[in-house]
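Engineer: Got a structure for you, written out below as structure tokens; questions coming shortly.
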Amino acid sequence: MNKEDYLKDLIEIKSGNVKAFADSIGMAYTTIRSILDRGIMNAKMENIIKICDGLGIKPEDIVKLESSVVSDTNKIMLQLHPSRQEKVYNYASDQLNEQNNEKISSMFDHKPMIEIPAGRSTAAGSPINGEDQDTQLIHKLIAGEKVPAGADELITVDGDSMEPLLKKGSQVFIHYQPEVEDGEIAIVHIRDVGVTCKKFYVNEDNTVTLKSINKAYDDMVFDCDEVNVIGKVIL
Numbered sequence: 001m002n003k004e005d006y007l008k009d010l011i012e013i014k015s016g017n018v019k020a021f022a023d024s025i026g027m028a029y030t031t032i033r034s035i036l037d038r039g040i041m042n043a044k045m046e047n048i049i050k051i052c053d054g055l056g057i058k059p060e061d062i063v064k065l066e067s068s069v070v071s072d073t074n075k076i077m078l079q080l081h082p083s084r085q086e087k088v089y090n091y092a093s094d095q096l097n098e099q100n101n102e103k104i105s106s107m108f109d110h111k112p113m114i115e116i117p118a119g120r121s122t123a124a125g126s127p128i129n130g131e132d133q134d135t136q137l138i139h140k141l142i143a144g145e146k147v148p149a150g151a152d153e154l155i156t157v158d159g160d161s162m163e164p165l166l167k168k169g170s171q172v173f174i175h176y177q178p179e180v181e182d183g184e185i186a187i188v189h190i191r192d193v194g195v196t197c198k199k200f201y202v203n204e205d206n207t208v209t210l211k212s213i214n215k216a217y218d219d220m221v222f223d224c225d226e227v228n229v230i231g232k233v234i235l
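For the sequence shown, the UniProt record's numbering gives the first residue as 1, with consecutive numbering after it.
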């Protein structure tokens, strides 16, 4: 629906028909008909202002008339008694204030940048040399809202043994801790072997099983004293 059709609807809602509306505002019926036929943008400004005054809307509103929630709301407003119009206006004002307050709140909710160790990798496949990884450690500033609680380091997953949960090349946060529960994903150092990322299980025979999620990889079993837990992956 174009602007002229919407204007005609508003006029008919207000006065029943174009002739009655023209009489009510003291304008020639033919003038209004000409505006509706030839287009609002071709009308004289004084005539637009007079029509707007009769409809109780602003001149700039008439240029913006289109098929939208706002236009439909204007049409409904014109049909309401003044007391009900005031209720709708007050409700809309409350909604605007609430929206503006949400924007202000979100500005204050923004968390500061956090400096966190990063740059090292963990194997998700065959273990990698932990000493070589230490030389790659850097400190990185990350937006606070992106850092989970308890995160101590951001590491890169090097390998596909933990797919599909941890994709090769993806980055994960870890929390430093010397022990993990059975089935948790841990970053561990294996003596004389290296560092790897696996699901961790302690066995009754004083051994540890390191299990991949990717079924293409076999379980790894070591004596407990050969494996040192560095931390837990935060999921």
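Think of the CB as a built atom: it goes at the ideal place given N, C-alpha and C, for glycine as much as any other residue. From a predicted model like this one, the values you see are computed outputs, not experimental measurements.
Could you tell me the boundaries of the alpha helix (DSSP H) in which V180 lies?
Structural biologist: The sequence position of residue 180 within the sequence shown is 180, counting from 1. Counting along the chain, V180 falls outside any alpha helix (DSSP H), and DSSP gives it neither H nor E.
Engineer: V88: buried (16+ other C-beta within 10 angstroms of its C-beta) or exposed?
Structural biologist: Looking up residue 88 in the sequence shown gives position 88. V88 comes out exposed.
Engineer: In this structure, does DSSP put V18 in helix, strand or coil?
Structural biologist: Within the sequence shown, the letter at position 18 stands for residue 18. Helix at V18.
Engineer: Can you pull the DSSP bridge partners for D223?
Structural biologist: Counting from one through the sequence shown, the residue named residue 223 turns up at place 223. According to DSSP, D223 bridges with T207.
Engineer: Alpha carbon to alpha carbon, how far is K211 from V188?
Structural biologist: Here residue 211 is taken as the residue at index 211 of the sequence shown, counted from 1. Here residue 188 is taken as the residue at index 188 of the sequence shown, counted from 1. Distance between the alpha carbons of K211 and V188 is about 12 Å.
Engineer: Just confirm the distance between the C-beta atoms of S161 and N97, as a whole number of angstroms; I'd bet it's less than 8 Å.
Structural biologist: Within the sequence shown, the letter at position 161 stands for residue 161. Within the sequence shown, the letter at position 97 stands for residue 97. 54 Å between Cβ atoms; not a contact.
Engineer: So, helix, strand or coil for L154, using DSSP?
Structural biologist: On the sequence shown, position 154 is the one that residue 154 refers to. Of the three classes helix, strand and coil, the one that applies to L154 here is strand, per DSSP.
Engineer: What are the residues that DSSP puts in a beta bridge with T196?
Structural biologist: Counting from one through the sequence shown, the residue named residue 196 turns up at place 196. BP columns for T196 point to A123, V188.
Engineer: Distance check for V193 and G183, CA to CA, integer angstroms please.
Structural biologist: In the sequence shown, counting from the first residue as 1, residue 183 sits at position 183. In the sequence shown, counting from the first residue as 1, residue 193 sits at position 193. Looking at the two C-alpha atoms, the distance is approximately 22 Å.
Engineer: From the DSSP output, in three-state form, read off G26 for me.
Structural biologist: The residue given as residue 26 occupies position 26 in the sequence shown. Coil.
Engineer: I need the DSSP call for A143, collapsed to helix, strand or coil.
Structural biologist: On the sequence shown, residue 143 is found 143 positions in, with the first residue counted as 1. Residue state, collapsed to three classes: strand.
Engineer: When the distance is taken between beta carbons, is K140 closer than 8 Å to A118?
Structural biologist: Here residue 118 refers to the residue found at position 118 when the sequence shown is read from its first residue. Here residue 140 refers to the residue found at position 140 when the sequence shown is read from its first residue. Result yes, Cβ atoms of A118 and K140 sit closer than 8 Å.
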